[in-house]
Amino acid sequence: MAKQAREHASSESCLDSDECGPAATCLAAIGGMGGDGALSCRQSRDCVPTAIALMRDELAKADYSCRDYSAPLGQKSHACAVRADGQAFCWGASYNCDLGPDQYVWQCPDQTSAAPVAGLSDAVSISAGEYGTCAIKASGDMVCWGENSEGELGTGGDASSGEYPYSWGTNTPVSVLNVSHAVSTAAGEISNCSLLGNGTVMCWGWGGRAGTTLGRGEDVYESANPEVVVGLTDAVQLARGGTSSSHYCAIRATGAVVCWGYNYSGELGDGNTADTYPYGSSSVPVTVLGL
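This is the structure we're talking about:
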């Protein structure tokens, strides 16, 4: 991340921090409902202490450090990690089969030890949401798995389409439409967003309580087709506001932090304190004040 962006955001990304090391994982929490505005760095040895215990036969090998790790902030607890060789693993509560082991949909018990995600051996980044998980492959393409009631798999179909196997969800990673050259991903409650290499952000799934979570510039309550967030072409980092919330935030190349989505508790950080629905929610990115 550019030095200017770090200074403006008053936080340092571990992506280029000397003290974090090359195998570091950057976990971002920006503004509102569970976020404290901090960007924290965790080296691979600190990244997955639980994972190493669970995956003693897999992750504890000398050549296999943690490349990425993600756990949702909500109550549907599951976590995922990407091993340095690209194999993705998940463990925990398997709500709607979002862990990804090769089992039938709706027949997935909780996973008490880490299991490899079927067909995903070339992952570079992963994000575990409340009802599903998404990952970026080495090619820059994206895959998601888990629930699909609001189109959060990004396959163009949802629960109302009756299109099997993507009508309600799938336990096997499926390709996300129209997303390429992805560099990071953020899985929310029932929606997902991805930052692309050109600085744009694409979102899909549930539009949130006010229809603003997808950043379309208008109220959209559901979309199974990824589309770009309006007015954001220079993003350098993306973060979910929390898996039980309905907003996302990004750092722009200028260093400014912007957020969009639901604003019930002031999550957007733009000073809007409207006390009636939709509480100052915004379907376009707004600048966080005070940074």
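Residue numbering for the sequence shown is 1 to 291, as defined by my numbering.
Ideal placement from N, C-alpha and C gives every residue a C-beta, glycine not left out.
These figures come from a predicted structure and were not determined experimentally.
Consult DSSP for P278 and reduce its assignment to one of helix, strand or coil. The three-state reading of DSSP puts P278 in coil, since its state is none of H, G, I, E or B.
If the criterion is Cβ atoms closer than 7 Å, does the pair A135 and A123 meet it? Yes, these two residues count as a Cβ contact at 7 Å.
From this set, D141, D270, T112, which residue's C-alpha is nearest L196's C-alpha? D141
Assigned exposure category for T233 - 16 Cβ within 10 Å defines buried: Counting other Cβ atoms within 10 Å of its Cβ, T233 stays below 16 and is therefore classed as exposed.
Would you kindly check if the distance between the Cβ of S184 and the Cβ of T213 is under 7 Å? no
With a floor of 3 residues, list each beta strand (DSSP E) that falls wholly inside the region 184-254, ordered by position along the chain. 191-196, 201-206, 222-228, 235-240, 247-252
Residue environment, T170, which counts as buried when at least 16 other CB atoms sit within 10 Å: buried
Since G248 and A186 are thought to touch, with beta carbons under 8 Å apart, how far apart are those beta carbons, to the nearest angstrom? In the sequence on display, residue 248 carries Tyr and not Gly. Right, their Cβ atoms sit about 6 Å apart.
Between which two residues does the beta strand (DSSP E) harbouring V174 extend? V174 -> beta strand (DSSP E) spans 169-175.
Can you tell me the Cβ-Cβ gap for L268 and S283, rounded? I've got them flagged as a contact below 8 Å. Contact flag wrong, Cβ pair sits at about 11 Å.
I need the straight-line Cα distance from T273 to G255, nearest angstrom please. 24 Å
Just confirm the distance between the C-beta atoms of V179 and P116, as a whole number of angstroms; I'd bet it's less than 8 Å. So it is not a contact: roughly 23 Å between Cβ atoms.
Starting from the Cα of A292, find the closest Cα among D219, M202, H181, A88 and give me that residue. With the chain running from 1 to 291 in the structure shown, residue 292 is simply not present.
What does DSSP give as the partner residue(s) for E147 in the beta ladder? G169
Quick check on the burial criterion: 16 or more other C-beta atoms within 10 angstroms. Buried or exposed for S139? exposed
What does the alpha-carbon distance come out to for the pair A128 and V176? 15 Å
Identify the residues that DSSP records as bridge partners of G261: which are they? H247, S282
Mark N192 as exposed unless 16 or more other C-beta atoms lie within 10 angstroms of its C-beta, in which case mark it buried. buried
Where does G290 fall in DSSP's three states? Under the three-state reduction of DSSP output, G290 falls in the coil class, being neither helix nor strand.
What number of angstroms, rounded off, separates the C-alpha of V82 from the C-alpha of C90? 9 Å
Measuring straight from C-alpha to C-alpha, what distance separates V143 and S77? 20 Å
Could you check if N198 is buried or exposed, using at least 16 other CB atoms within 10 Å of its CB as the buried criterion? exposed
Can you check whether the CB of L289 is closer than 7 Å to the CB of V257? no
What does T155 pair with, by DSSP beta-bridge criteria? T155 pairs with nothing; no bridge assigned.
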